[in-house]
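J.: First, the structure itself, so that you have it in front of you.
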Amino acid sequence: MRDAIAYVVDKHGTLINPNQIKVSQKQISSATPGAYSVTFKYEKIKTRTIVNVRSNYNEGIAVANKTATSDPSEAKSFIGSSQSSSPNWNMENGYQPEMEINTYHGKNGATMQTAFYQPRFRLLDYEQYDDQLNQVGVIPQGINLLNNQLTVSYFGQPNSTWGHLVTYNLNNLSDPIQTQNLRTMSWSDFKQTSQNISVSPYLKLGHGQSLGTTKNYIYVLASNNREANPAKSTEILQISRKNYQIKNLWTIKVWNRSEYFPCYFHNAYFVNSHLLYAVFHNSSKGTYKYWRLIRRRNT
Numbered sequence: 000m001r002d003a004i005a006y007v008v009d010k011h012g013t014l015i016n017p018n019q020i021k022v023s024q025k026q027i028s029s030a031t032p033g034a035y036s037v038t039f040k041y042e043k044i045k046t047r048t049i050v051n052v053r054s055n056y057n058e059g060i061a062v063a064n065k066t067a068t069s070d071p072s073e074a075k076s077f078i079g080s081s082q083s084s085s086p087n088w089n090m091e092n093g094y095q096p097e098m099e100i101n102t103y104h105g106k107n108g109a110t111m112q113t114a115f116y117q118p119r120f121r122l123l124d125y126e127q128y129d130d131q132l133n134q135v136g137v138i139p140q141g142i143n144l145l146n147n148q149l150t151v152s153y154f155g156q157p158n159s160t161w162g163h164l165v166t167y168n169l170n171n172l173s174d175p176i177q178t179q180n181l182r183t184m185s186w187s188d189f190k191q192t193s194q195n196i197s198v199s200p201y202l203k204l205g206h207g208q209s210l211g212t213t214k215n216y217i218y219v220l221a222s223n224n225r226e227a228n229p230a231k232s233t234e235i236l237q238i239s240r241k242n243y244q245i246k247n248l249w250t251i252k253v254w255n256r257s258e259y260f261p262c263y264f265h266n267a268y269f270v271n272s273h274l275l276y277a278v279f280h281n282s283s284k285g286t287y288k289y290w291r292l293i294r295r296r297n298t
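Counting with numbering that gives the first Met the number 0, you get residues 0 to 298 for the letters of the sequence shown.
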């Protein structure tokens, strides 16, 4: 239930770890449809929310009967490791910011150039490693771009399921290189740059690779990449782009015919609050299935 908490602050305005929040119910069974009230409390602060359990027991059960197709041809990328794609960000060069943009030339005149180098350091010093509540970075996992608004999910530790969302306004951050240098730029440049960067509170993001953005919301499929293929539900968060508050939280569970053939998604893309495209990897068969999920009604 604490996954539904966007943030809580004390009387001094200091962020509180969600683990310190008392919740009236740790879990709600999906076996009995209905509306359930859940209370959240921290010291004298109290609020509540309603959890709706829908009555259609067949939701999420489908038949994957599409004919398998052959693999697409392998796409070729640039050759080399991070030393070639990031010539300065490596041990040999002391992990320094990049000074030049990369250009990749494809076929038929297709050209790609670096549009943005994100800051590659932690918000806090390394000796504050355990303060995950306030530690933004340094591990990026998912990205989404809408109208030059780049949203990135960041984690402080490998395999963490809680992290932060950071949005960069590339309409105003037009220099691909400058934003790397937040710690060394002048105060006036820092003030101007920081006005085009927003950071979310500490949120449940799962693996953080399944993001989608619309005009008003950021959507996250908070699946766990360490889960192989369990018959478990996965959370979907609808987060306000304005203030990063959680507007809605849904759970989904998809089975192919029955619970003996679950489909647990590690990667997905949201079109809006009613349409989701997801990828299921069947590692035992070496196949991928692409699913389209449509949410009916408003609960």
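Every residue, glycine too, gets a C-beta built ideally from N, C-alpha and C.
For residue 180, does the three-state DSSP call read helix, strand or coil?
T.: On the sequence shown, residue 180 is found 181 positions in, with the first residue counted as 1. If DSSP states are grouped into helix, strand and coil, residue 180 belongs with the helices.
J.: According to DSSP, which residues form a beta bridge with residue 34?
T.: Within the sequence shown, the letter at position 35 stands for residue 34. Per DSSP, 51.
J.: Within 7 Å: the Cβ of residue 278 and any heavy atom of the ligand NAD?
T.: Of the ligands one can find in the structure shown there are none, so the ligand NAD has no counterpart to examine.
J.: Bridge partners of residue 148, per DSSP?
T.: Here the question's residue 148 lines up with position 149 in the sequence shown. According to DSSP, which records beta bridges pairwise, residue 148 is partnered with 145, 168.
J.: So residue 191 is in the alpha helix (DSSP H); what residue range does that whole segment cover?
T.: As a working mapping, residue 191 is identified with position 192 in the sequence shown. Counting along the chain, the alpha helix (DSSP H) containing residue 191 begins and ends at 186-193.
J.: Mark residue 118 as exposed unless 16 or more other C-beta atoms lie within 10 angstroms of its C-beta, in which case mark it buried.
T.: Stepping through the sequence shown from its first residue, residue 118 is reached at position 119. Flag for residue 118 reads buried.
J.: Under a three-way DSSP split, which group does residue 162 fall into?
T.: As a first step, residue 162 is located in the sequence shown; it is residue number 163 there, counting from the start. Three-state result, residue 162: strand.
J.: Give me the Cα-Cα distance between residue 180 and residue 144, rounded to the nearest whole angstrom.
T.: Here residue 180 is taken as the residue at index 181 of the sequence shown, counted from 1. Here residue 144 is taken as the residue at index 145 of the sequence shown, counted from 1. Residue 180 and residue 144: Cα-Cα distance of roughly 22 Å.
J.: Kindly confirm or deny that the stretch 155-175 and the stretch 203-220 touch, where touching means at least three C-beta pairs closer than 8 Å.
T.: Yes, the stretch 155-175 touches the stretch 203-220.
J.: So residue 8 packs on residue 20, CB below 8 Å; how close in whole Å?
T.: Working through the sequence shown from its first residue, we reach residue 8 at position 9. Working through the sequence shown from its first residue, we reach residue 20 at position 21. Not a contact, Cβ separation roughly 12 Å.
J.: Of the choices 174, 153, 173, whose alpha-carbon is the least far from that of residue 164?
T.: The residue labelled residue 164 in the question sits at position 165 within the sequence shown. The option with the nearest alpha carbon to residue 164 is 153.
J.: Hey, residue 54 and residue 32: beta-carbon distance below 8 Å or not?
T.: As a working mapping, residue 54 is identified with position 55 in the sequence shown. As a working mapping, residue 32 is identified with position 33 in the sequence shown. The answer is yes: Cβ separation under 8 Å.
J.: Is residue 275 closer than 8 Å to residue 267 when the C-beta atoms are compared?
T.: On the sequence shown, residue 267 is found 268 positions in, with the first residue counted as 1. On the sequence shown, residue 275 is found 276 positions in, with the first residue counted as 1. Yes; because the gap between Cβ atoms is below 8 Å, this pair is in contact.
J.: Less than 8 Å between the beta carbons of residue 194 and residue 166, yes or no?
T.: As a position in the sequence shown, residue 194 is number 195, starting the count at 1. As a position in the sequence shown, residue 166 is number 167, starting the count at 1. No, they are not a contact pair.
J.: Just to confirm, is the Cβ distance from residue 200 to residue 229 under 8 Å?
T.: If you number the sequence shown from 1, residue 200 lands on position 201. If you number the sequence shown from 1, residue 229 lands on position 230. No.
J.: Determine the burial state of residue 245: buried for a count of at least 16 other Cβ atoms within 10 Å of its Cβ, exposed for fewer.
T.: Walking along the sequence shown from the start, residue 245 turns up at place 246. Buried, by the Cβ-count rule.
J.: Excluding sequence positions up to five away, which residues of its chain have a Cβ less than 6 Å from the Cβ of residue 170?
T.: Taking the sequence shown and counting its residues from 1, the one referred to as residue 170 is at position 171. Excluding sequence neighbours, residue 170 sits near 147.
J.: Decide if residue 233 is buried, meaning its Cβ has at least 16 other Cβ atoms within 10 Å, or exposed.
T.: The count along the sequence shown starts at 1 and reaches residue 233 at position 234. Buried.
J.: Judging by CA-CA distance, which residue of 97, 168, 140 is the nearest neighbour of residue 156?
T.: Indexing the sequence shown from 1 puts residue 156 at position 157. Looking at the Cα atoms, 140 is the closest of the given residues.
J.: Look up residue 97 in the DSSP assignment and give the residues it is bridged to.
T.: The count along the sequence shown starts at 1 and reaches residue 97 at position 98. DSSP links residue 97 through a beta bridge to no other residue.
J.: Could you pull the start and end residues of the beta strand (DSSP E) that residue 264 belongs to?
T.: Indexing the sequence shown from 1 puts residue 264 at position 265. Counted as a single uninterrupted DSSP element, the stretch harbouring residue 264 is not any beta strand (DSSP E), since DSSP gives it neither H nor E.
J.: Return yes when the Cβ of residue 259 is within less than 8 Å of the Cβ of residue 237, no when it is not.
T.: Within the sequence shown, the letter at position 238 stands for residue 237. Within the sequence shown, the letter at position 260 stands for residue 259. Taking 8 Å as the Cβ cut-off, residue 237 and residue 259 do not qualify as a contacting pair.
J.: Over the uninterrupted beta strand (DSSP E) stretch that includes residue 211, give me the two end residues.
T.: One-based indexing of the sequence shown puts residue 211 at position 212. It spans 210-212 - the beta strand (DSSP E) in which residue 211 sits, taken as one unbroken run.
J.: Can you tell which of 114, 212, 293, 131 has the C-alpha that lies nearest to the C-alpha of residue 177?
T.: Walking along the sequence shown from the start, residue 177 turns up at place 178. Residue 114 is the option with its Cα nearest to residue 177.
J.: What does residue 154 pair with, by DSSP beta-bridge criteria?
T.: Reading the sequence shown from its first residue, position 155 is the one you call residue 154. According to DSSP, residue 154 bridges with 138.
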